[in-house]
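*Asks:* Okay, handing you the structure first.
Numbering (this note's numbering), first residue to last: 169 to 524.
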């Protein structure tokens with residue numbers, strides 16, 4: 169039971185130091201065994217992944233936030249294209265048009281594909297009274313026509329985006345917007361907070377540009393979200409907007425839509441889908457096909473256009489161009505005529521103000 173005190177001389181050589189350490193390990197093993205704190209310290213590097221995950225989550229949030237508006241723009245462009253081409257131009261009513269949509273409607277609603285038709289909203293009639301410079305036909309003979317009279321109840325003659333049109337487009341957007349934004353991590357209230365202002369912005373841009381480009385006044389708030397009478401700053405906004413490069417491009421793009429008989433350039437405020445689907449025709453291709461106003465033509469009002477947009481040719485210029493085009497078509501085995509020729513990837517050609 170006696171305790172022994174061992175005096176160990178301080179090692180002076182490497183061999184003595186190694187021997188000392190070995191004996192100390194045998195006598196005092198606890199001092200040389202890993203402690204619980206050492207285990208915790210060793211585990212710390214494994215938690216270094218937490219900051220990395222946090223950084224990844226932050227990056228995903230930034231990407232989601234930054235892509236919110238471009239995604240909405242893309243969906244609006246697609247909706248604008250589909251609505252304009254297949255419903256306003258009534259291409260949906262053609263038997264060969266959108267068979268997959270008609271098949272889906274038939275399975276869900278039980279309506280046979282051959283019986284599925286959409287009613288007109290006055291847009292085809294709008295084309296029928298529009299000249300190539302965007303002015304609207306207004307002679308006595310045209311006003312007696314049933315197509316013209318069908319537009320008489322609308323002060324803006326089918327050119328405005330009425331409140332009802334904004335509501336319809338908003339509803340049309342829901343099937344694509346809601347699942348897309350849910351997958352992006354947006355809640356329903358957050359999604360609506362992005363969608364609804366976007367719809368109003370689309371309406372105010374349309375109403376500030378489209379009716380005036382056809383010689384009609386800006387839209388009043390009683391008829392749609394516009395910049396007409398009673399809107400504070402509305403006139404200043406319209407004047408500023410019409411002077412932008414965006415409005416210049418929009419005007420020319422829509423001008424080409426009318427010049428070529430409505431078979432191209434279906435996007436109005438949100439260009440993109442035409443470019444993706446091959447139905448965009450640049451100015452250089454449609455401008456040579458512009459026609460002058462008929463002799464003694466009467467129009468409803470002066471066109472409000474940005475500076476330096478294409479102008480109608482003189483009758484002499486038009487006749488010379490027409491002669492050259494006829495010779496080229498005849499040499500290629502084609503025929504003559506003044507109606508717009510069909511283009512690749514284009515939609516159905518509809519009537520214009522030059523049609524009898």
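Quick reminder that beta carbons are idealized off the backbone N, C-alpha and C, glycines included.
Apply the 10 Å Cβ neighbour rule to residue 449 and answer buried if 16 or more other Cβ atoms are within range, or exposed otherwise.
*Replies:* buried
*Asks:* What number of angstroms, rounded off, separates the C-alpha of residue 198 from the C-alpha of residue 355?
*Replies:* Reliability of the predicted coordinates at residue 198 is poor, the pLDDT of 45 falling under 50, and no value is obtained from them.
*Asks:* Where does residue 240 land, buried or exposed, given buried means 16+ other C-beta within 10 angstroms?
*Replies:* It counts as buried.
*Asks:* Rounded to whole angstroms, what's the CA-CA distance from residue 456 to residue 225? Just pull it up for me.
*Replies:* Cα to Cα, residue 456 sits roughly 54 Å from residue 225.
*Asks:* What are the start and end residues of each continuous beta strand (DSSP E) run of 3 or more residues lying completely inside the segment 336-389, in chain order?
*Replies:* DSSP runs (the beta strand (DSSP E)) wholly in the segment 336-389: none.
*Asks:* Who pairs with residue 467 in a beta bridge, going by DSSP?
*Replies:* According to DSSP, residue 467 bridges with 305.
*Asks:* Excluding five sequence neighbours on each side, which residues of the same chain lie with their C-beta closer than 7 Å to the C-beta of residue 288?
*Replies:* Apart from the 5 residues on each side of it in sequence, residue 288 sits with its Cβ closer than 7 Å to the Cβ of 258 in its chain, given in chain order.
*Asks:* Classify residue 441 as helix, strand or coil using the three-state DSSP reduction.
*Replies:* helix
*Asks:* Would you identify the three-state DSSP class for residue 298, choosing helix, strand or coil?
*Replies:* In the structure shown, residue 298 adopts extended strand secondary structure according to DSSP, grouped into three states.
*Asks:* Grab me the residues of residue 250's own chain with a C-beta within less than 6 Å of its C-beta, minus the 5 sequence neighbours each way, in chain order.
*Replies:* none
*Asks:* In this structure, how does DSSP classify residue 243 when only helix, strand and coil are distinguished?
*Replies:* helix
*Asks:* If you follow the alpha helix (DSSP H) that residue 457 is part of, which residue opens it and which one closes it?
*Replies:* Looking at the DSSP string, residue 457 is not in any alpha helix (DSSP H), and its letter there is neither H nor E.
*Asks:* Below 8 Å on the Cβ atoms is my contact criterion, and I expect residue 514 with residue 438 to pass it. Report the Cβ-Cβ distance as a whole number of Å.
*Replies:* So it is not a contact: roughly 20 Å between Cβ atoms.
*Asks:* With a threshold of 16 other CB atoms inside 10 Å of the CB of residue 332, please say whether the residue is buried or exposed.
*Replies:* That one is exposed.
*Asks:* Is it buried or exposed for residue 347, if we count other Cβ within 10 angstroms and need 16 for buried?
*Replies:* exposed
*Asks:* Quick one: what does DSSP say residue 515 is sitting in, helix, strand or coil?
*Replies:* Three-state DSSP puts residue 515 in coil, outside helix and strand.
*Asks:* So, for residue 521: in the same chain, excluding its five sequence neighbours on each side, which residues have a beta-carbon less than 6 Å away from its beta-carbon?
*Replies:* 297, 298, 299, 305
*Asks:* By Cβ distance, which residues of its chain are closer than 6 Å to residue 395, with the 5 residues on each side in sequence left out?
*Replies:* 376, 386, 402, 405, 406
*Asks:* Residue 473: buried (16+ other C-beta within 10 angstroms of its C-beta) or exposed?
*Replies:* Here residue 473 is buried, its C-beta having at least 16 other C-beta atoms within 10 Å.
*Asks:* Among 286, 307, 379, 319, which residue has its Cα nearest to the Cα of residue 436?
*Replies:* 379
*Asks:* Which same chain residues end up closer than 6 Å to residue 374 when comparing Cβ atoms and leaving out the 5 residues on each side of it in sequence?
*Replies:* The beta carbon of residue 374 sits closer than 6 Å to the beta carbons of 329, 437 from its chain, once the five residues preceding and following it are set aside; these are given in chain order.
*Asks:* CA-CA distance, residue 233 and residue 255?
*Replies:* 33 Å
*Asks:* Between the C-alpha atoms of residue 426 and residue 295, what's the straight-line distance to the nearest angstrom?
*Replies:* 7 Å
*Asks:* Short check: CB of residue 303 to CB of residue 477, under 7 Å?
*Replies:* no
*Asks:* Could you tell me whether the Cβ atoms of residue 228 and residue 362 are closer together than 7 Å?
*Replies:* no
*Asks:* Tell me where the alpha helix (DSSP H) around residue 267 begins and ends.
*Replies:* 267-277
*Asks:* Rounded to the nearest angstrom, what separates residue 444 and residue 245 at their Cα positions?
*Replies:* 11 Å
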